[in-house]
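My numbering runs 8 ahead of the 1-based position in the sequence shown.
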Amino acid sequence: MAAPDVLMADASPERLPRSIRRGPRITMECDCGERRYLHYGERWTCERCGKTWDTHRIPLEQYAAIRDTQMRYRRVPVAISAVSLACVVAFIILGKALGGLILVALVATTWNIFFRPMYKRRYQAALKELPSWKIKPE
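Below is the structure:
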């Protein structure tokens, strides 16, 4: 986690940890119906009505929890992809490229049919437990 002085709500975007600056976008919807997707720390002035919205009003600790949840559920698919790639390379080196491709196809099919739906449900349940905010314009 970042240093305590970085976790201030009024921290400039340059002082925020990169994981927070490049975290998931925040959907800001103006009362007039205009919608923007902003990174944490960005401000937006609606072109239609002139209201200003600031994402710093979201507690940084709560936003960091969303980023942590997102990254936790990305690790398994990335690990499976890396292992599959290593298997293909190993099979190519051994001269059995077709066997490697068949193995990867089998793993990908098994993942998509059996494990991915279960994993997606867990991810969505974890996201529902996280807070959401109703930010008022300045």
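All residues carry an ideal CB built from backbone N, CA and C; glycine is no exception. Every value quoted in this text rests on a predicted model; they were computed, and no experiment measured them.
Contacts around residue i, its chain only, beta-carbon distance under 7 angstroms, and the 5 residues preceding and following it disregarded
{"i": "C95", "result": "G108, L111 and V112"}
{"i": "P145", "result": "K59, T60 and W61"}
{"i": "R44", "result": "M36 and W52"}
{"i": "L46", "result": "R33, I34, M36, W52 and T63"}
{"i": "D18", "result": "At D18, the pLDDT of 46 sits below 50, so the modelled position is not reliable; the number obtained from the coordinates is stated separately. The residues are H64."}
Reference residue i, options the options, closest by Cα
{"i": "M126", "options": "I74, R43 and V84", "result": "V84"}
{"i": "I132", "options": "F99, R82 and V86", "result": "Note that residue 132 is Gln in the sequence shown, not Ile. It is R82."}
{"i": "L114", "options": "R129, S92 and I100", "result": "S92"}
{"i": "V86", "options": "I100, W119, L68 and R23", "result": "W119"}
{"i": "F123", "options": "I88, L102, G41 and G49", "result": "I88"}
{"i": "E42", "options": "Y48, A116 and C54", "result": "C54"}
Rounded Cβ spacing between residue i and residue j (contact assumed at less than 8 angstroms)
{"i": "R51", "j": "C38", "result": "The pair is not a contact, with the Cβ atoms about 13 angstroms apart (cut-off 8 angstroms)."}
{"i": "I28", "j": "A72", "result": "6 angstroms"}
Contact set for residue i: own chain, Cβ-Cβ below 6 angstroms, skip 5 residues either direction
{"i": "I66", "result": "W141"}
{"i": "A134", "result": "T77"}
Proximity test, Cβ basis, 8 angstroms: residue i and chain C
{"i": "R82", "result": "As a matter of chain content, chain C is missing from the structure shown, which is built from one protein chain."}
Contacting residues, own chain, Cβ-Cβ under 8 angstroms from residue i (five flanking each side not counted)
{"i": "L138", "result": "Q70, A73, I74 and T77"}
Pick out the complete beta strand (DSSP E) segments inside the stretch 58–108, 3 residues or longer, and give them in chain order.
Residue ranges of uninterrupted beta strand (DSSP E) with 3 or more members, entirely inside the stretch 58–108 and ordered along the chain, are 60–62.
Are the stretch 73–80 and the stretch 29–38 touching, with three or more C-beta to C-beta distances below 8 angstroms?
Counting Cβ pairs under 8 angstroms, three or more are found: they touch.
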